[in-house]
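Numbering (our numbering), first residue to last: 134 to 306.
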């Protein structure tokens with residue numbers, strides 16, 4: 134589809150595309166836009182982790198704010214309509230997903246806890262996140278299946294981050 138649009142724009146004057154071939158030209162642009170939107174949504178939002186203990190509306194607002202402040206939608210639009218580069222669009226969508234995940238991180242971090250084995254209370258507790266199912270060891274998070282049966286989970290009492298604080302974190306203060 135993109136190659137067809139590019140070829141049309143290179144070889145047919147824009148005025149003719151917008152008049153004589155208006156219906157198929159607009160249809161092609163809409164089809165490309167719809168396909169690109171579905172592609173970007175799948176990359177940025179599929180299997181996105183959210184905190185079930187925090188309002189979904191609040192987290193959606195944070196996601197929307199991250200998308201808006203990232204400026205990525207404008208970049209992706211340019212990539213599609215002027216550069217016709219699907220690989221670059223894919224990289225930009227992955228970058229946008231990172232912005233979204235970073236914005237949601239304070240909500241995910243609310244589920245960080247210490248896991249104490251009640252049969253071996255003298256052992257050092259494990260730092261664990263119940264949403265990501267990752268263990269924090271040696272300065273990094275790693276996926277680990279953890280049997281929580283017979284374990285005590287200790288959470289730090291905390292409230293969800295304020296949207297303004299999240300914005301400051303994402304913008305580097």
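Glycine is no exception: its CB is placed at the ideal position from the N, C-alpha and C atoms.
All values reported here derive from a predicted model rather than from experimental measurement.
Where the alpha helix (DSSP H) containing residue i begins and where it ends
i	result
residue 232	219-242
residue 200	189-203
residue 167	155-178
residue 143	135-144
residue 148	147-151
Classification of residue i by the beta-carbon crowding that lies within 10 angstroms, buried from 16 upward
i	result
residue 261	buried
residue 237	buried
residue 244	buried
residue 288	exposed
residue 199	buried
residue 144	exposed
residue 197	exposed
residue 266	exposed
C-beta contact flag for residue i and residue j at 8 Å
i	j	result
residue 335	residue 168	This structure cannot settle anything about residue 335, because the visible part of the chain is limited to 134 through 306.
residue 163	residue 138	no
residue 246	residue 279	no
residue 284	residue 248	yes
residue 355	residue 233	With the chain covering 134 to 306 only, the question about residue 355 has no answer from this structure.
Terminal residues of the beta strand (DSSP E) in which residue i lies
i	result
residue 213	No beta strand (DSSP E) contains residue 213, which DSSP labels as neither H nor E.
residue 260	259-262
residue 181	Segment: none, residue 181 is in no beta strand (DSSP E) and carries neither H nor E.
residue 279	Careful: residue 279 lies outside any beta strand (DSSP E) and carries neither H nor E.
residue 245	245-250
residue 290	That residue, residue 290, is in no beta strand (DSSP E); it is neither H nor E in DSSP.
Beta-carbon contacts of residue i that lie in its chain and below 7 Å, excluding the five residues immediately before and after
i	result
residue 225	205, 208, 209 and 212
Below-8 Å beta-carbon distance, residue i vs any chain C residue
i	result
residue 286	Of the protein chains in the structure, only one exists, and it is not chain C.
Nonlocal neighbours in the same chain, by C-beta distance under 6 Å from residue i, ignoring five residues either side
i	result
residue 152	none
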